[in-house]
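Worksheet: one structure, shown below.
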Amino acid sequence: MGLFWLFVLSLFSTAAANLTELTGMFGHIQSPNYPEGYPSDLDVTWNITVPIGFRIKLYFMHFDLEPSYLCEYDYVKVSADEDLLETFCGRERTDTEEIPGREFVLTKSNTMSVTFKTDFSNEERFTGFEAHYTAIDIDECVEKLDEALVCDHFCHNYIGGYYCSCRFSYFLHSDNRTCKVECNDNVFTEKSGVISSPDYPNPYPKSTDCLYRIELEEGFTISLAFAEIFDLEDHPDVPCPYDYLQIKAGLNEFGPFCGDKAPDTINTNSSDVLILFHSDDSGDNHGWKVTFTSVGAPCPVVQPPANGTIEPVQDQYSFKDQVQIRCNNGFKFVKGGDEVEAYQIECQKSGTWSSSIPTCKVIDCGTPRFLVDGYITFHTKENLTLFRSHIEYSCPAQYYQMKPELNTTYTCMENGFWVNDELGTDLPICQPVCGKPTIRRSSIQPKIAQGKVVTKGLSPWIAMLSKNGIPFCGSSLLGRQKTLRQEDTEQVFRAERIIPHPRYNGSTFEFDIALLELPKKVTITDYVLPICLPENSFPPLETGDMVIVRGWGKQFLHSIPETLMEIEIPIVDHDQCKNVYTQLGRQVTDDMICAGLKQGGSDACQGDSGGPMVARDTETKRWFLAGTVSWGDGCGEDNRYGVYSNVRKSLEWIKNVTNIKNF
């Protein structure tokens, strides 16, 4: 056993004969001479040290010491960090003695001291003790042995130690346990808002310095109002040595503030405020919250202009407030020569408005547009052209009619235009009355055997075509293009353009019709009026319907007449006319219409070509152009009929070229 004892001692590193230093994660100790019996007058100490982050667990495998009252003879004492943990002695547990038995001793730290002392004698042999120790990992996250080492947010244990981490938006302080935030770049430029300590009203982070800046435009002054919950760590004797809130505004400073009483409202009289917040590395306080508002330099109350409004309407206005000024309907601002519908002004830091309020001027629609062949009537004696004034367009009733037929009153509107309820800003048209001569024939003979002289003005739409003063053809006035007066009743023009029908055939005389464009407008009089076109509302001509043909052509066995002549003849059945000319080797096509008497005697003749064949609509009492003189076989021959170009067949082409609207 002596060899075993020497072997055990060789494992120990000793600082002195009665002191042994033990290191490592595990080991064991024995009483001297174990198990042969320990000697008297011993004072032996074993100092056990394991790595930091571990504690020491000590348990005894065998324990046999001299019994004594309150362990006053032989004993084993276990201590840690200068605190006595246990004292053991004897052979069994009694009221005055304590043996370890199956229990173990556990330290809180990584060091332990075991001391074995014996007195001067033993009455019998005692074998001593044998003990083992091991290093046990400390779960610092659970046990929190030292409050100063507790993690602020999250604790993570590992064998022999632990580490801390922080919630999102926080970062770990240099002490590796405190969580702080980055709060030095907070700039507020709104006119009002809320600022608070991080996580308010939850505890704010430790070891943190926050800087909040409110920067408004010069001309505003900022006020600070604190929430009722205000809780910063303080000290009973020293003003705010730990955590505090300090405010700087221009040359003024407020604070430091701490404790549980919120500061009163602070009127900073500045547009630039700096809020400083500091917390130390301890404490668990709830923080602060402040609402900031701002007011600007006041401006005088704005009054709306005459015939205008302002928005918003307020009892008071201050810096940066804006007012929208509008004129009532029918009025506009006149500012710098320009007309605008709305105007905006702003209160400046000087306490004055950015501009004076302009005047609302009534809208003037100006002189109404001229109506060709018409005239304007003002509804006011002063011929006012201002907002809500009324005018009316009219046409000379004798020769013209208004198209479309509607209320032709126009009103000066807020947009500065004369507007009609139906036409808007478009103007009506004064159209010449077609097919209604003002001079009427005394009677119409049912049948006229020979031509007769036409009463002056009875056919105001007929025109003579002449070359070098000699008439060669007739025509009809469909519209008007500018005027040129010759004498009281005649108007003479030089044709500007001749437009033949695109399907005209010179050999068959199909679509033997052309349009002449005049260079100037004709003047509508009792003797010059247009003829109507055969509208859909006019029933088509049937066999036996009477038509009138007029012209300056030759009469039977006579030369060219000096006056306009007319005949009244019936429409001939198309197939009958077609058969007659087929026998003569001539062709009557679908675009042609025939008229005349079977016995002859009344017919158009040379010089009448192009002249009008007109009929009267029984409903409207208007004369319309049914056809134009085209061709025939002789003049007034027996069983020969006059052939005319059917205007209805060319009506679409006429309208497309002339743009003549329905009358």
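Just so you know, we're using this note's numbering here: the sequence shown kicks off at 1076 and counts up by one. Glycine included, every Cβ here is placed at the ideal spot set by N, Cα and C.
Counting only runs of at least 3 residues, the segment 1338 to 1389 fully encloses the following beta strand (DSSP E) elements, listed from N- to C-terminal order: 1347 to 1354, 1364 to 1371, 1383 to 1386. Selection 1175, 1167, 1129, 1187 evaluated against residue 1157 yields 1187 as nearest (Cα-Cα). As computed with DSSP, residue 1490 is found in no beta bridge at all. For residue 1211, the uninterrupted beta strand (DSSP E) segment begins and ends at 1203 to 1212. Taken in chain order, the complete beta strand (DSSP E) segments of 3 or more residues contained in the segment 1685 to 1731 are 1687 to 1691, 1698 to 1706, 1717 to 1721.
Shown here for residue 1728: same chain residues with a beta carbon closer than 7 Å to its own, the five before and five after excluded, namely 1576 in chain order. According to the DSSP assignment, residue 1216 belongs to the alpha helix (DSSP H) that extends over 1215 to 1218. Apart from sequence neighbours up to five positions away, the residues of its chain that approach residue 1334 with a beta-carbon distance below 6 Å are 1309, ordered along the chain. The criterion of a C-beta distance shorter than 7 Å is satisfied by residue 1353 and residue 1319.
In the DSSP annotation of this structure, the continuous segment of the beta strand (DSSP E) that includes residue 1260 starts and ends at 1258 to 1263. The beta carbons of residue 1201 and residue 1141 sit closer together than 7 Å.
The beta carbon of residue 1106 sits closer than 7 Å to those of 1113, 1191, 1203, 1204, all from its chain and outside the five residues before and after it, given in chain order.
In this structure the segment 1480 to 1500 does not lie against the segment 1610 to 1625, because fewer than three pairs of beta carbons, one per stretch, are closer than 8 Å.
Of all alpha-carbon atoms in 1098, 1376, 1660, 1592, the one lying nearest the alpha-carbon of residue 1209 is that of 1098. When the Cα atoms are used, residue 1379 and residue 1385 turn out to be separated by approximately 5 Å.
DSSP places residue 1662 in the coil class of the three-state scheme, outside both helix and strand. Of the residues assessed, residue 1261 falls on the exposed side of the cut-off, its CB having fewer than 16 other CB atoms within 10 angstroms.
Across the structure, residue 1603 and residue 1697 are spaced so that their CA atoms are roughly 15 Å apart. Restricting attention to beta strand (DSSP E) runs no shorter than 3 residues, the segment 1106 to 1135 encloses them at 1118 to 1124, ordered along the chain. Closest by C-alpha distance to residue 1127, out of 1177, 1139, 1431, 1185, is 1185. The three-state secondary structure of residue 1137, taken from DSSP, is strand. In this structure residue 1359 is exposed. Its beta-carbon is surrounded by fewer than 16 other beta-carbon atoms within 10 angstroms. For residue 1589, the enclosing beta strand (DSSP E) has its first and last residue at 1589 to 1592. If you compare the alpha carbons of 1695, 1580, 1536, 1610 with that of residue 1663, the shortest gap goes to 1580. Annotation for residue 1421: the continuous beta strand (DSSP E) segment containing it runs 1417 to 1421. When secondary structure is reduced to three states using DSSP, residue 1483 falls in the coil class, being assigned neither helix nor strand.
Spatial neighbours of residue 1235 in its own chain (CB-CB distance under 8 Å, excluding positions within 5 residues in sequence) are listed in chain order as 1126, 1127, 1128, 1129, 1212. Rounded to whole angstroms, the separation of the alpha carbons of residue 1690 and residue 1723 is 13 Å. A straight-line Cα-Cα distance of about 19 Å links residue 1373 and residue 1400.
With fewer than 16 other Cβ atoms from the protein chains shown falling within 10 Å of its own Cβ, residue 1264 counts as exposed. Boundaries cannot be given for residue 1596, as no beta strand (DSSP E) includes it and DSSP labels it neither H nor E. Contact between residue 1436 and residue 1394 is absent: CB atoms are separated by about 31 Å, not below the 8 Å threshold.
Non-local beta-carbon contacts of residue 1462 in its own chain, meaning distances under 6 Å to residues more than five positions away in sequence, involve 1405, 1437, 1438, 1487 in chain order.
One Cα belongs to residue 1251, the other to residue 1238, and the distance between them is close to 7 Å. Scanning 1367, 1403, 1475 for the CA closest to the CA of residue 1381 turns up 1403.
When secondary structure is reduced to three states using DSSP, residue 1655 falls in the helix class.
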